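The sequence shown lines up with residues -6 to 223 when you count with our numbering.
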Amino acid sequence: MPTRRLPRRAARAPSFACVDHDRTARRGFPEVIYCEGKTPAQVVAIAKEILSRADVVLATRARKEHIRPFLRAVKGARHHPAARILAVERRRLPKRGGVVAVVAAGTSDLPVAEEAAVTVEVMGGRVERFYDVGVAGIHRILGIREKLSRCSALIVVAGMEGALPSVVAGLLDKPVIAVPTSVGYGTGFGGVAALLGMLNSCSSGVTVVNIDNGFGAACAATLINRQIAS
-6 MPTRRLPRRA ARAPSFACVD HDRTARRGFP EVIYCEGKTP AQVVAIAKEI LSRADVVLAT
54 RARKEHIRPF LRAVKGARHH PAARILAVER RRLPKRGGVV AVVAAGTSDL PVAEEAAVTV
114 EVMGGRVERF YDVGVAGIHR ILGIREKLSR CSALIVVAGM EGALPSVVAG LLDKPVIAVP
174 TSVGYGTGFG GVAALLGMLN SCSSGVTVVN IDNGFGAACA ATLINRQIAS
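And the structure:
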């Protein structure tokens, strides 16, 4: 006889958070925990509440104080240090659609790029990473043009003047999601210069998210990828 899956024991809902358990039905993925501003105990409690009805938890912007308590308290948890993400995948989501490219201008942009890449992967996407291919050495992006052309959507991460997304969008007929980072010197104003450069891109159709928001770019790329798969 087939075995019946027993319902999970209901966890006591935290008084400081009202978890949106219907998020999966509406958006295809459970509510995501933003760790900044939350105590380790709060992050753990919210994760356990999500896991009472879901198989996946994603917690972004995890700080040092969040990591050990989370790994100890939440069974199956993994820490992705480069992405600053804590995740639980009791049952991995099926891979759908094509490949999302995550393209980073410089090595200093990797924390944001990895946040995007790991988020796409946990949400059920395939990722190819192309790092340190900024416009100061334009031959680097030209050298991977054919590989990029095979991807369904591209997340392009850059600080400084933020020129890379315009270059990539001018070379390819693929959706480009630009992510400005806070990398740069004084007049970069913590990513504002890159943000304005991307918003004023001469290459048409570039979508721009907020400064350092690799997670937001990953969500957009995942939705695009799902539409291609459907």
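All residues carry an ideal CB built from backbone N, CA and C; glycine is no exception.
Keep in mind the model is a prediction, meaning the values are calculated, not measured.
For the beta strand (DSSP E) assignment, the uninterrupted runs of no fewer than 3 residues enclosed by the region 145 to 201 are, from N- to C-terminal side, 146 to 151, 169 to 173. The alpha-carbon separation between Arg119 and Val12 amounts to approximately 28 Å. Excluding the 5 residues flanking it on each side, Gly127 has same chain C-beta neighbours closer than 7 Å at Ala98, Gly99, Ala151, Leu157, in chain order. Counted as a single uninterrupted DSSP element, the alpha helix (DSSP H) harbouring Arg61 occupies residues 57 to 66. A Cβ-Cβ contact shorter than 7 Å links Val105 with Asp205.
Taking every protein chain shown into account, the CB of His73 has 16 or more other CB atoms within 10 angstroms, so this residue is buried. The DSSP assignment places 78 to 82, 92 to 97, 119 to 124 as complete runs of the beta strand (DSSP E) inside the region 76 to 146, in order along the chain (cut-off: 3 residues).
Inter-residue distance for Val160 and Gly117 is about 28 Å (C-alpha atoms, whole angstroms). In the three-state reduction of the DSSP assignment, Val37 falls in the helix class, which pools H, G and I.
Counting every other CB atom within 10 Å of its CB across the protein chains shown gives Lys41 a total of 16 or more, marking it as buried.
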